[in-house]
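Structure record follows, encoded as structure tokens.
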Amino acid sequence: MKAAAFALISTLVVGRAVQAGRSADPARSAESLALPTTQLKDIAPAFTTVTYSKDIAPLIADRCAMCHHENGAAPFSLLTYSDVKRRATQIALVTSRRYMPPWKADPADGPFVGQHPLTDAEIALFQQWAGDGAPEGDARDLPPLPGRQRWSAGWQLGTPDLVVSLPEPYMLPAGGADVFRIFVIPLPVNATRFVRGLEFRPGNPKVVHHANIRVDRTAASRQMDDADPAPGYSGLILRSADYPEGHFLAWTPGQVAPLLPNDYSWRLDPRTDLVVEIHMQPSGKAEAVQPSVGLYFSDQPPTRIPAMLRLGHQNIDIPAGESNYVVTDSYVLPVDVEVQAVQPHAHYRARDVRGEARLPDGTVEELIHVGDWDFRWQHVYRFAKPFTLPKGTTLSMRWVYDNSAANVRNPEHPPKRARWGQRSSDEMGDLWIQVLTKNEPDLVTLTHAFRAKVAAEDVIGYETELERHPDEAGLHDDAALLYLEVGQPDRAVAHFTRSLALKGPSAPAFYNLGTALTIARRFDEAAYEYQQAIKADPSYAKAHNNLGNVWLAQGKFEPAIQEFTAVVGLDPKSAGALANLAGAYAAAGAFDRAAETVDAALRLSPPEPLASDLRARAERYRRRER
Amino acid sequence: MHWFTVLAFSSLTVFDLDNRAIDPFKAAAGARATVFLFTATDCPISNRYAPEVQRVYRAFAPKGVRFFLVYPNPADTPDAIRVHAKSFGYAADALRDPKQELAKLASATVTPEAAIFTGQRLVYHGRIDDRFVDLGLERPAPTVHDLADALTAVVAGVPIAHPATQAVGCFIADFAR
């Protein structure tokens, strides 16, 4: 019996080989016929029937269903036989090309969290199944689907402690190019919280492709949103919107960042906004898009704070037609670090991106390599086992761009010169590397050393953007902040002046300019701008406060006391305001008033280190010392 | 749609949304050309083409070109098709091709795919434009508008430069099971 069955299978194999050979290449059909029997034996097991119930359903449940379920991240569900059968050929094709499940990194990299590749044998199962007519098989073979309940429940990380969504949906047009839109969502907390997890839900998975998520602790992004009548705004993510304390928050379909340990959280203060840039692909009909975000809180502040390193250049300038433009960058680590995660970033023209670490002993570790870069799959790659890189390790990146017509992803046809810029039509090239240091002094060393490198690149980037968009006020504001950071306050003054002219007079615009002038020690001009700010908004406490400081710096004690008194009047519960007023009294020689004011501040039970500072001052003022 | 010729013996088993067997070639009698646009209610790529299909329809319907949306998936019921056509703003008449006979006649293998007939002669079949290069590989915008170019040629009475192109989308073969 056994021998007979084997013979039958052999015949089938040969028969197929002939058929395949005939259509392709007659010479090879003879070769196929001549297959030695040992090879036939190897092929034979593949001819057991592949069925949905026995073979395909478990693979779908394990590798696909986390996105392909009702209201999941993917555009259609694959939970039932009819769902899967209806796309059998397509599934066989996209798995064989490794387009699905989406994983762009070299399989040799990592291993990474959430990496669930199909093996070659599993891909062959899909192909055989589709080729054999997608049989259902015996429903009794169906595995239990523990996942199903979880997929339909919604939040994959459990019930969030706080859920926020867009107050009103954004309406995406039916057709046209992809849309990039920045939404600003306030986070309503009334006391400081610590966040250990964030889950993004696209709201409309048919059109939302990926999300870039930042945190803005200022009102700057909100003002951009307010200025645009529709939900969100189009343009640039502002400098004030950043990764909180070195934590990645981005989202791509199928990726949910795992909950972090309790002591590895990031700080969320009241009046903080989430800034969510969403990449949307029109679906063919107008679509409402209303994403939501769930936050998971920790009960303690972080004891570990990661650092976010960024390699890359902002002087990218790719000639039209150039098919091999290379951007490289490197950085030598000044301290030991443990690598947590990497995120390569580029737009449409990048073709091959590679990040490496060369250790002091000369060994090279590949951090990430994406050989067929696709802008639409911007994963954050989190290492399943974070690893140490010693001080002296060189981190490096090498990005290759193709700005020729042969690159089908090229947004310009015919190709045009491409320069650095945040817009998807421009190019970028960054490798973000998230690391943990061994201790806090090392973190300070690393972030301090790194800040100078990043700021220098950012200056180039802003100047490039401003050259092309000289009338964008937000760019001038950010450039001004950057010049303050790199110690060039006069340049900051110029940009805030330009921003004010573009935006028109407003209290914050006068205040910003005044602040830059103060730092440039141009006190008379600064005082004038603060006065303008106060005229526009008499309750602007920060303007009163800074004006007080300017008067103080100029030795004008009476007007200084007046301004600080105004601040206390506006914010009577602020110990800091009282402390400033006390300082002004002391400067003017009014030590009794100074001491009384410090006592009043202390009665408000201020936090440290202000409390200790106030107690020391109380003693000094009583000794009539400043 | 009331004027469709209802045939007792048709070589094609194609239905309108009232489940009447019709011969689309007779229905399109007198048209300069007939365009069949193969689509499916739940194919994302097909759906993304709705605005482009509408543009081509608006440009060529006034020039004597007859358009039909063809649904080769038997699971797409007349009611589902009505909802689909309405939500995507399709103006052309819809046909059901539950045995994929028209698809076969038109050499259509995926949705979306277009076929142009002059009389009963197939003169073009393939993609609408070149935006999709492959599954998972697309251009930010199309560079060649194959269907519109072919129709321009038909209307001008000149040969079509590329009478057959490769469309990218959801496989019609999967509907047959």
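If you're matching them up, the sequences are chains G and C in order. So the first sequence is numbered by my numbering: it starts at -16 and just counts up by one. So the second sequence is numbered by my numbering: it starts at 29 and just counts up by one. Virtual Cβ for every residue (Gly too), placed ideally from N, Cα, C.
Let me check understanding here. Comparing Cα to Cα, which of the options lies closest to residue i?
| i | options | result |
| --- | --- | --- |
| A510(G) | G531(G), A519(G), P491(G), N54(G) | G531(G) |
| G186(G) | G114(G), P169(G), G277(G) | G277(G) |
| R60(C) | A87(C), G92(C), Q128(C) | G92(C) |
| V172(C) | A55(C), V98(C), G185(C), D157(C) | D157(C) |
| G375(G) | V315(G), G345(G), V427(G) | V315(G) |
| V437(G) | F370(G), R293(G), P555(G) | R293(G) |
| H452(G) | D124(G), G218(G), T63(G), D103(G) | G218(G) |
| V161(C) | A56(C), A57(C), I73(C), L150(C) | I73(C) |
| E53(G) | T31(G), I517(G), P152(G), D66(G) | D66(G) |
| A119(C) | I50(C), R86(C), G154(C) | R86(C) |
| D89(G) | R164(G), M263(G), Y64(G), E339(G) | E339(G) |
Measure the C-alpha to C-alpha separation of residue i and residue j and round it to an integer number of angstroms.
| i | j | result |
| --- | --- | --- |
| N195(G) | I106(G) | 32 Å |
| N686(G) | A333(G) | Because chain G spans -16 through 609 in this model, residue 686(G) falls outside it and cannot be assessed. |
| A233(G) | P227(G) | 12 Å |
| R598(G) | L414(G) | 48 Å |
| D461(G) | Q471(G) | 13 Å |
| V383(G) | Y308(G) | 6 Å |
| D44(C) | D125(C) | 9 Å |
| F59(G) | P126(G) | 21 Å |
| L145(G) | F183(G) | 12 Å |
| Q73(G) | P143(G) | 36 Å |
| K637(G) | D121(G) | Since the first residue shown for chain G is -16 and the last is 609, residue 637(G) is missing from the structure and cannot be characterised. |
| D202(C) | L76(G) | 12 Å |
| I200(C) | T34(G) | 21 Å |
| P1(C) | A48(G) | Within the shown structure, residues of chain C are numbered from 29 to 205, placing residue 1(C) beyond reach of any answer. |
| T498(G) | D425(G) | 32 Å |
| Q110(G) | D121(C) | 36 Å |
| Y644(G) | A565(G) | Residue 644(G) lies beyond the stretch modelled for chain G, which goes from -16 to 609, so this question has no answer here. |
| I416(G) | E166(C) | 29 Å |
| A7(G) | R80(G) | In this predicted model, A7(G) has a pLDDT of only 35, less than 50, meaning its place in the structure is not dependable; the value taken from the coordinates is given anyway. Each residue's Cα considered, the two are about 21 Å apart. |
| R406(G) | A543(G) | 45 Å |
| A27(G) | P41(G) | Low local confidence applies: a pLDDT of 43 at A27(G) is under 50, so the model's placement there is unreliable, with the coordinate-based value given in what follows. Distance between the alpha carbons of A27(G) and P41(G) is about 23 Å. |
| V550(G) | D256(G) | 26 Å |
| L561(G) | W86(G) | 57 Å |
| S489(G) | R606(G) | 44 Å |
If you reduce the DSSP assignment to three classes, tell me which class residue i lands in.
| i | result |
| --- | --- |
| K539(G) | coil |
| R359(G) | coil |
| F433(G) | helix |
| R603(G) | helix |
| R474(G) | helix |
| A202(G) | coil |
| R334(G) | strand |
| R598(G) | helix |
| E151(G) | coil |
| L145(G) | strand |
| A189(C) | coil |
| S407(G) | coil |
| Q82(C) | helix |
| P491(G) | helix |
| A573(G) | coil |
| H352(G) | strand |
| P41(G) | helix |
Looking only at DSSP bridge pairs, what is residue i linked to?
| i | result |
| --- | --- |
| E321(G) | T371(G), L419(G) |
| N195(G) | E260(G) |
| D312(G) | M380(G) |
| P169(G) | D256(G) |
| P327(G) | L414(G) |
| F199(C) | V138(C) |
Less than 8 Å separating the Cβ of residue i from some heavy atom of the ligand ATP?
| i | result |
| --- | --- |
| L429(G) | Here there are no bound small molecules, and the ligand ATP is not part of this structure. |
Q) Using a Cβ cut-off of 7 Å, which residues of the region 74 to 99 of chain C contact any Cβ in chain G, in chain order? A) For the region 74 to 99 of chain C, the set of residues with a beta-carbon nearer than 7 Å to any beta-carbon of chain G comprises N75, R76, Y77, A78, P79, E80, in chain order.
Q | Contacting positions in the region 157 to 173 of chain G - beta carbon closer than 9 Å to chain C | A | Identification of residues in the region 157 to 173 of chain G having a C-beta nearer than 9 Å to some C-beta of chain C yields A157, G158, G159, A160, D161, given in sequence order.
Q) For the region 158 to 189 of chain C, which residues have a CB atom closer than 7 Å to at least one CB atom of chain G, in sequence order? A) Taken in chain order, the members of the region 158 to 189 of chain C whose beta-carbon sits within less than 7 Å of a beta-carbon on chain G are V161, L163, G164, L165, R167, P168, A169, T171.
Q | Residues from the region 63 to 78 of chain G in contact with chain C, defined by Cβ distance under 7 Å | A | Only those residues of the region 63 to 78 of chain G whose C-beta falls short of 7 Å from the nearest C-beta of chain C are listed: K68, R69, R70, A71, T72, Q73, L76, V77.
Q: Below 8 Å between beta carbons is the criterion; list the residues of the region 262 to 276 of chain G that meet it against any residue of chain C, in chain order.
A: Correct list: Q264, P265, S266, G267, K268.
(Q) So if I threshold CB-CB distances at 8 Å, which residues from the region 54 to 72 of chain C count as touching chain G? (A) Of all residues in the region 54 to 72 of chain C, D70, P72 have a Cβ within less than 8 Å of some Cβ in chain G.
Q) For the region 30 to 52 of chain G, which residues have a beta carbon sitting closer than 8 Å to at least one beta carbon of chain C? A) Those would be none; no residue qualifies.
Q | Contact list for the region 106 to 123 of chain C against chain G, Cβ threshold 8 Å | A | Under the 8 Å Cβ criterion, the region 106 to 123 of chain C contributes S115, F116, G117.
Q. Given a limit of 8 Å on CB to CB distance, which residues of the region 323 to 338 of chain G reach chain C?
A. If you check each beta-carbon in the region 323 to 338 of chain G against every beta-carbon of chain C, the ones closer than 8 Å belong to Y331.
Q: Quick one: which residues of the region 366 to 384 of chain G get their C-beta closer than 8 Å to a C-beta of chain C? List them in chain order.
A: Listed by position, the residues of the region 366 to 384 of chain G near chain C (Cβ gap below 8 Å) amount to none.
Q: Check each residue of the region 387 to 398 of chain G: if its Cβ is closer than 8 Å to any Cβ of chain C, include it; give the result in chain order.
A: Residues of the region 387 to 398 of chain G with a Cβ closer than 8 Å to any Cβ of chain C, in chain order: V391, R392, N393, P394, H396.
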